[in-house]
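>
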Amino acid sequence: MEEKKKALKAAFPHTIPVLTGFIVLGAAYGILMTEAGYSWVWTVLTCTFVFAGSMQFVSVGMLSLGFHPISAVLMTLMVNARHLFYGISMLQKFNSAGKLKLYLIFSLCDETFSILCTAHPPAGVSYKWFMFFIAVLDHLYWIMGGLLGSVLGSFLTFNTKGIDFVLTALFVVIFINQWKATKNHLPVIVGVGASLICLILFGPSNFLIPAMIVILLLITLLKKPMEKEELL
Numbered sequence: 142m143e144e145k146k147k148a149l150k151a152a153f154p155h156t157i158p159v160l161t162g163f164i165v166l167g168a169a170y171g172i173l174m175t176e177a178g179y180s181w182v183w184t185v186l187t188c189t190f191v192f193a194g195s196m197q198f199v200s201v202g203m204l205s206l207g208f209h210p211i212s213a214v215l216m217t218l219m220v221n222a223r224h225l226f227y228g229i230s231m232l233q234k235f236n237s238a239g240k241l242k243l244y245l246i247f248s249l250c251d252e253t254f255s256i257l258c259t260a261h262p263p264a265g266v267s268y269k270w271f272m273f274f275i276a277v278l279d280h281l282y283w284i285m286g287g288l289l290g291s292v293l294g295s296f297l298t299f300n301t302k303g304i305d306f307v308l309t310a311l312f313v314v315i316f317i318n319q320w321k322a323t324k325n326h327l328p329v330i331v332g333v334g335a336s337l338i339c340l341i342l343f344g345p346s347n348f349l350i351p352a353m354i355v356i357l358l359l360i361t362l363l364k365k366p367m368e369k370e371e372l373l
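Numbering-wise, my numbering puts 319 at position 178 of the sequence shown, and it's gapless, one number per residue.
1) Can you find a heavy atom of the ligand FAD that lies under 7 Å from the Cβ of N221?
2) Taking only the alpha-carbon atoms, compute the straight-line gap between A193 and N221 and give it to the nearest angstrom.
3) Given this structure, state the Cα-to-Cα distance separating V277 from I246, to the nearest angstrom.
4) Under the three-state reduction of DSSP, which class applies to L218: helix, strand or coil?
5) Per the contact definition of three or more C-beta pairs closer than 8 Å, is the region 178 to 186 in contact with the region 263 to 283?
6) Assign N325 to one of three DSSP states: helix, strand, or coil.
7) What is the DSSP secondary structure of L297, counted as helix, strand or coil?
8) Using a threshold of 8 Å, state whether the C-beta atoms of I275 and L249 are closer than that.
9) Locate the alpha helix (DSSP H) running through F190, then write down its first and last residues.
10) Would DSSP call A151 helix, strand or coil?
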């Protein structure tokens with residue numbers, strides 16, 4: 142129990158930016174769900190068992206049009222294809238997590254991935270429990286935000302157009318936070334550069350998967366130079 146308490150205490154400060162973002166972002170999702178006619182129960186259930194961020198925003202419209210399994214699968218694959226690459230890069234870390242591995246895989250969202258890439262527990266703190274509590278806290282923030290939005294949405298009536306922009310805003314905040322937290326900016330430059338080139342070549346609707354492939358290849362090729370830069 143003491144081991145878990147230490148890990149939770151060490152993990153919480155790293156999740157504060159996600160807390161502030163997910164409360165707002167989750168609330169936006171909850172409001173959209175209420176506007177679409179779904180009660181807070183459905184919002185909490187989707188936040189708990191789907192936990193797919195941007196895909197949940199897309200799913201609001203899909204649910205309103207009726208459920209089509211094949212379309213849902215293809216759309217989810219397109220929107221969340223980046224998680225394939227997240228998972229590959231997390232294999233080594235998650236393999237050491239034992240029984241916690243399955244939950245870590247399920248809860249690997251963009252924000253949790255970003256934290257796990259740079260955050261390290263202090264001496265004497267279990268790394269697997271440190272990762273677990275980062276994932277759990279981020280998950281809970283999302284559920285809390287969704288519930289808050291559902292409650293507010295049932296009392297307030299206003300134009301929700303553009304409210305999902307908070308997702309983009311959160312990514313920008315996390316990007317800035319990670320830039321400041323690390324000295325080695327080569328991975329960021331590679332990621333941004335590859336994304337821009339693929340955006341130009343493939344267009345806004347088709348650039349994501351090619352960009353992820355290019356980023357993965359470049360990161361693999363530049364692994365040693367990046368590690369040397371980090372040590373300087």
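No residue lacks a Cβ here, since even glycine has one placed at the ideal position from N, Cα and C.
With the given structure in hand:
1) With respect to the ligand FAD, the structure shown offers nothing to examine, as it has no ligands at all.
2) 8 Å
3) 12 Å
4) helix
5) no
6) coil
7) coil
8) no
9) 181 to 190
10) helix
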